[in-house]
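Undergrad:
2 protein chains.
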Amino acid sequence: MFGCVDAEILNVILGPDKLPHPIYHNPDMFRRQAIRSIRQVTGSVKPAVYSNASASLFFRRFASINARAVVYSEHGKPTEVLKVHSYKIDSPKADEINVRFLAAPINPSDINQVEGVYPSKPEKSTVLGTAEPAAVGGNEGLVEVLETGSSIKGFQKGDWAIMRRVNFGTWRTHATVPEDQLLPVPKGMRVTAAATVAVNPSTAYRMLKDFANLEKGDFFIQNGGNSGVGQAAVQIAKQWGLKSISIVRDRPNLDELKSYLKELGADYVITEDELMNKEIREKVKQWTGGKPIKLALNCVGGKPSTKMAALLGNGGHIVTYGAMARQPLSLPASLLIFKDIKAHGFWMTRFYNGHDKERQEMLDEIFGWVKEGKFKEAMNDVTTWKTSASDEELWEAFKGAMEKSQAGFGKKQVIVMEE
Amino acid sequence: MFGCVDAEILNVILGPDKLPHPIYHNPDMFRRQAIRSIRQVTGSVKPAVYSNASASLFFRRFASINARAVVYSEHGKPTEVLKVHSYKIDSPKADEINVRFLAAPINPSDINQVEGVYPSKPEKSTVLGTAEPAAVGGNEGLVEVLETGSSIKGFQKGDWAIMRRVNFGTWRTHATVPEDQLLPVPKGMRVTAAATVAVNPSTAYRMLKDFANLEKGDFFIQNGGNSGVGQAAVQIAKQWGLKSISIVRDRPNLDELKSYLKELGADYVITEDELMNKEIREKVKQWTGGKPIKLALNCVGGKPSTKMAALLGNGGHIVTYGAMARQPLSLPASLLIFKDIKAHGFWMTRFYNGHDKERQEMLDEIFGWVKEGKFKEAMNDVTTWKTSASDEELWEAFKGAMEKSQAGFGKKQVIVMEE
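Sequence order for the protein chains is A and B.
Residue numbering for the first sequence follows our numbering, starting at 1 and increasing by one per position.
Residue numbering for the second sequence follows our numbering, starting at 1 and increasing by one per position.
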């Protein structure tokens, strides 16, 4: 989860994104190559002279799928620059896999990416047959394997997978992908759980594991307690025997939210108002028995985040992964100098770069919890896309989900694709 | 160097200071014990019945020194709560050393300590014979050994030393100290250099060494380039083959200051205005040849510090050791998340706790440079205290130095004590 990014500071972030852009799905180039191959075998493209076998091959390989994707050619207001685009997917080459998307969430970072205020950007191209070079939106999604190329060993029809890397473009119904783009996931989970595990729970997992050496019984504190990451953090903490204090904004259904988070495993849930109250220090001392809080997770920014940092014990770490209040993290020199508070940032995209093994271990652990019923995906709203719908209907449905995702206090919006 | 501390945040800093308070100089108690010892030997305190030898011992041990110190009983405005106090120092016990102060600076942190807005505080007591429990101001100073107790092996008359720990109280002419309070320093340097090496140059040294693994040719950037730490940093950098960009505030004698810093070894010196200019990024790129800046040293806070942090390369560190602008360090989430900037604080007092070996190695290196003429103490103004002056004269001189130290753009104020 990423809040809105300070555009002025983004201007000073170093130039072009250096991350790999493993988009590899060029049906036009593939079709031309396929036709060339068949010509080499048969000396002609006329079906009339084919044997039955070669005719069957021809039709199987060219039984194309009518795919749809939400694409953008320019950065800007998502409702203005995004549109649904139709295109064809043909049978996969030997080292390719055709997949059908089962579900894809709309994450705040996806929106920032469309707006152009996100440092990692997909390449735009005309491979989907758009008039202008375009990119498909979305970074996270669950796919089912439809058809594998002849040299594919690791996947077979019906397998589930998620995207190994960012910037693939997951707001679509189908894609042709190279094998190394896919990370296998066990089947049998709710599609909404499997489709939303790559970003939010993984972010929570890494922040709890990689910064403060938390041991059983240790405390952490977080704001955005009801965010996708926040909900995951309290659940992971429960599995690992950690104790949590979660801060949420006041809202109409506060008691309901507090109960929900406590059911997930949250130990203490307080509002921002309670956080800003003078008595909070004494309260926290009672809860922790005076044990220092070692870690703070920050996706908000502004004054409440400073106050949260001030509750950390000596040598504590504050890890920032978002800025929902659209204000920077402000740290008085005294907290840095005298209390030795250390501030870091966390970006999943950076972690993904070169940590394949750690990532696989992490996903195995999280999916294990999901299958055992110990880990729930974040509260979400499902918007269904049916193959039979028109481009206009798909766009209206998508736009509605996007608007709900930006309305605040919202649940995570997940597009579920049905055949 | 420490700027003014945010008093509100200090309230949330953990309660009582846990650092050792090695003040150990109780002439009254010593005198009582000494008289008891002599009684045990002679059965009387009357000089008339002493042998010549014991009479000589008596007069040598009780030839007391008329000492003066700047003390405070309450925290508050330094000119209102500080005063000069007169007291006697007698000959040292077997395990003690009598010292004469040669020089002691007025550091901003000393002032904050008197104001009561500094987390580490000396204990107040009546050992100096004050009506109210009082502490002596100052933390840094150079002493000359006047007389050693009979069991002292490591020091002899005439040796130089600095204080091993904070909170001793160095704004005074004389003291009786246990041996382990003193760190020997080589003689023959300017007293103003030896007296000001413990805080500022050591702070610069540790910040350059302990955070960013700088290698020869690597760049760092700092604000407060003309501060005591800033001047030390450019000199240490030169010794180690590092490259520096120093930011200073605009001022009437800017060119003179730039020349002075460059003579010390500064590579690039810019004003805050130049820092805030849009072209700075391009300029810095030219200076560094595109090499990322790995470390920023911050003693200012506020917007210019944010801008400085934004000039760091990916994964860079910003280390805060002061807040002269009296504003917190503000870091946009994007710098933390996408550029992986890490923020720390540095406090010499924390480093002193348990790093005796590293400290000795550091001082050996710095003093080595000083003796070879490769390292200059920070620009300073000397105020002389003469033993013959009255308490009122000493106070007026001290107050004048203190006022100059707070006037801004000021040189370091150093009190030099003359016999």
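Glycine included, every Cβ here is placed at the ideal spot set by N, Cα and C.
(1) Could you give the residue range of the beta strand (DSSP E) that holds Gly302(B)?
(2) When DSSP labels each residue in this structure, what does Ser202(B) get in the three-state scheme?
(3) Where does Ile162(A) fall in DSSP's three states?
(4) What does Thr320(B) touch in chain A if you count any residue whose Cβ is under 7 Å from its own?
(5) In the DSSP assignment, the alpha helix (DSSP H) including Arg281(B) goes from what residue to what residue?
(6) Below 6 Å CB to CB, which residues in the same chain sit around Gln235(B) once its five sequence neighbours on both sides are set aside?
(7) Use the C-beta contact count for Pro252(B): other C-beta atoms within 10 angstroms, 16 or more gives buried, fewer gives exposed.
(8) From the DSSP output, which residues share a beta bridge with Gly345(A)?
(9) State the DSSP-derived secondary structure class of Trp385(A), mapped to helix, strand or coil.
(10) With 16 as the cutoff for other CB atoms within 10 Å, does Thr383(A) come out buried or exposed?
(11) Answer with yes or no whether the minimum CB distance from Ser227(A) to chain B is below 8 Å.
(12) Would you say Ile341(B) lies against chain A (beta-carbon separation less than 8 Å)?
(13) Going by C-alpha distance, which of Glu392(B), Asp180(B), Val71(B) is nearest Ala131(B)?
(14) Which same chain residues end up closer than 7 Å to Ala103(A) when comparing Cβ atoms and leaving out the 5 residues on each side of it in sequence?
(15) Per DSSP, which residues does Gln156(A) bridge with? Please list them.
(16) Determine the chain A residues that contact Trp347(B) at a beta-carbon separation under 8 Å, and present them in chain order.
(17) Measuring only between beta-carbons, confirm whether Ser330(A) sits less than 8 Å from chain B.
(18) Fully enclosed by the segment 73-105 of chain A, which beta strand (DSSP E) runs are 3 residues long or longer?
(19) Which same chain residues end up closer than 6 Å to Ala94(B) when comparing Cβ atoms and leaving out the 5 residues on each side of it in sequence?
(20) Examine chain A for any beta-carbon lying closer than 8 Å to the beta-carbon of Gly301(B), and answer yes or no.
(21) Could you tell me whether any Cβ in chain B is nearer than 8 Å to the Cβ of Pro108(A)?
(22) Quick one, which residues of the segment 89-119 of chain A are near chain B if we go by CB-CB under 8 Å, in chain order?
(23) Quick check on the burial criterion: 16 or more other C-beta atoms within 10 angstroms. Buried or exposed for Met308(A)?
(24) Measuring CB atoms only, is the segment 222-239 of chain A touching the segment 201-209 of chain A, in the sense that at least three cross pairs come out at less than 8 Å?
(25) Anything in the segment 345-369 of chain A with a Cβ closer than 9 Å to a Cβ of chain B? List those residues in chain order, please.
(26) Have a look at Val166(B) and Gly137(B) and give me their C-alpha separation to the nearest angstrom.
(27) What are the complete beta strand (DSSP E) segments, minimum 3 residues, inside the segment 247-278 of chain B?
(28) I'd like to know if Ala323(B) contacts chain A, where contact means its C-beta is closer than 8 Å to some C-beta of that chain.
(29) Could you say which of Val117(B), Ala69(B), Lys411(B) lies nearest to Glu377(B) if we only look at CA atoms?
(30) Using alpha carbons as the reference points, say which of Arg359(A), Gly400(A), Ala389(A) lies closest to Val197(A).
(31) What residue range does the alpha helix (DSSP H) around Lys357(B) cover?
(32) Specify, as a first and last residue, the run of the alpha helix (DSSP H) that Thr192(B) falls within.
(33) Figure out for me which residue from Glu396(B), Gly169(B), Arg164(B), Ser334(B) has the closest Cα to the Cα of Tyr432(B).
(34) First and last residue of the beta strand (DSSP E) that includes Ser330(A)?
(35) Rounded to a whole number of angstroms, what is the C-alpha to C-alpha distance between Asp90(A) and Trp160(A)?
TA: The structure says:
(1) Residue mapping note: residue 302(B) aligns to position 302 of the second sequence, counting from 1. For Gly302(B), no beta strand (DSSP E) encloses it, and the DSSP letter there is neither H nor E.
(2) Position 202 of the second sequence, counting from 1, holds the residue named residue 202(B). Helix.
(3) What you label residue 162(A) is simply residue 162 of the first sequence in a count that begins at 1. Of the three classes helix, strand and coil, the one that applies to Ile162(A) here is strand, per DSSP.
(4) Taking the second sequence and counting its residues from 1, one reaches residue 320(B) at position 320. In chain order: Ala333, Leu336, Ile337.
(5) For the purposes of this step, residue 281(B) is taken as the residue at position 281 of the second sequence. For Arg281(B), the enclosing alpha helix (DSSP H) has its first and last residue at 280-288.
(6) The sequence position of residue 235(B) within the second sequence is 235, counting from 1. Once the five neighbours on either side are set aside, the close Cβ partners of Gln235(B) are Leu264, Gly265, Phe375.
(7) Here the question's residue 252(B) lines up with position 252 in the second sequence. Exposed, since its Cβ has fewer than 16 Cβ neighbours within 10 Å.
(8) Within the first sequence, residue 345(A) is the residue found at index 345, counting from 1. Paired residues: Thr320(A).
(9) For the purposes of this step, residue 385(A) is identified with residue 385 of the first sequence, where counting begins at 1. Of the three classes helix, strand and coil, the one that applies to Trp385(A) here is strand, per DSSP.
(10) By 1-based counting over the first sequence, the position of residue 383(A) is 383. Residue burial is scored here from C-beta neighbours: Thr383(A) has at least 16 other C-beta atoms within 10 angstroms and is therefore classed as buried.
(11) Counted from its first residue, the first sequence places residue 227(A) at position 227. Output row for Ser227(A): interface = no.
(12) Residue mapping note: residue 341(B) aligns to position 341 of the second sequence, counting from 1. Answer yes: the Cβ-Cβ gap between Ile341(B) and chain A drops below 8 Å somewhere.
(13) Residue numbering aside, residue 131(B) sits at position 131 when the second sequence is read from its first letter. Checked all of Glu392(B), Asp180(B), Val71(B); the closest Cα to Ala131(B) is Val71(B).
(14) Position 103 of the first sequence, counted from the first residue, corresponds to residue 103(A). Taken in chain order, the residues that qualify are Gly141, Leu142, Val191, Thr192, Ala195, Val414, Ile415, Val416, Met417.
(15) Your numbering for residue 156(A) matches position 156 in the first sequence. Under DSSP, Gln156(A) takes part in no beta bridge, so it has no partner.
(16) Residue mapping note: residue 347(B) aligns to position 347 of the second sequence, counting from 1. Near Trp347(B) (Cβ distances below 8 Å), the residues of chain A are Ile337, Phe338, Asp340.
(17) Within the first sequence, numbered from 1, the residue matching residue 330(A) stands at position 330. Under the Cβ distance rule, Ser330(A) counts among the residues neighbouring chain B, one pair being separated by less than 8 Å.
(18) Fully enclosed beta strand (DSSP E) runs of 3 or longer: 82-89.
(19) Indexing the second sequence from 1 puts residue 94(B) at position 94. Closer than 6 Å at the Cβ level, and outside the excluded window around Ala94(B), lie Gly149, Ser150, Ser151.
(20) Sequence index remark: in the second sequence, residue 301(B) carries index 301 (1-based). The Cβ of Gly301(B) sits closer than 8 Å to at least one Cβ of chain A.
(21) Along the first sequence, one-based indexing puts residue 108(A) at 108. Chain B contact via Cβ: absent.
(22) For the segment 89-119 of chain A, the set of residues with a beta-carbon nearer than 8 Å to any beta-carbon of chain B comprises Pro119, in chain order.
(23) As a working mapping, residue 308(A) is identified with position 308 in the first sequence. Classification for Met308(A): buried.
(24) Under the Cβ criterion (8 Å, minimum of three pairs), the segment 222-239 of chain A counts as touching the segment 201-209 of chain A.
(25) Correct list: Gly345, Phe346, Trp347, Thr349, Arg350.
(26) Position 166 of the second sequence, counting from 1, holds the residue named residue 166(B). Position 137 of the second sequence, counting from 1, holds the residue named residue 137(B). Taking the straight line joining both Cα atoms gives about 11 Å.
(27) Counting only runs of 3 or more, we get 268-271.
(28) By 1-based counting over the second sequence, the position of residue 323(B) is 323. Closer than 8 Å to some Cβ of chain A, the Cβ of Ala323(B) qualifies, so yes.
(29) On the second sequence, residue 377(B) is found 377 positions in, with the first residue counted as 1. A check of alpha carbon separations from Glu377(B) across Val117(B), Ala69(B), Lys411(B) identifies Lys411(B) as the nearest.
(30) The residue labelled residue 197(A) in the question sits at position 197 within the first sequence. Of Arg359(A), Gly400(A), Ala389(A), the residue nearest in Cα terms is Arg359(A).
(31) The residue given as residue 357(B) occupies position 357 in the second sequence. Here the alpha helix (DSSP H) through Lys357(B) covers 356-371.
(32) Within the second sequence, numbered from 1, the residue matching residue 192(B) stands at position 192. Per DSSP, Thr192(B) belongs to the alpha helix (DSSP H) from 191-194.
(33) Outside the shown range of chain B (1 to 419) lies residue 432(B), about which nothing can therefore be said.
(34) Locating residue 330(A) in the first sequence gives position 330, where the first residue counts as 1. In this chain, the beta strand (DSSP E) harbouring Ser330(A) covers 329-331.
(35) By one-based count along the first sequence, residue 90(A) stands at place 90. By one-based count along the first sequence, residue 160(A) stands at place 160. So the two alpha carbons sit approximately 20 Å from each other.
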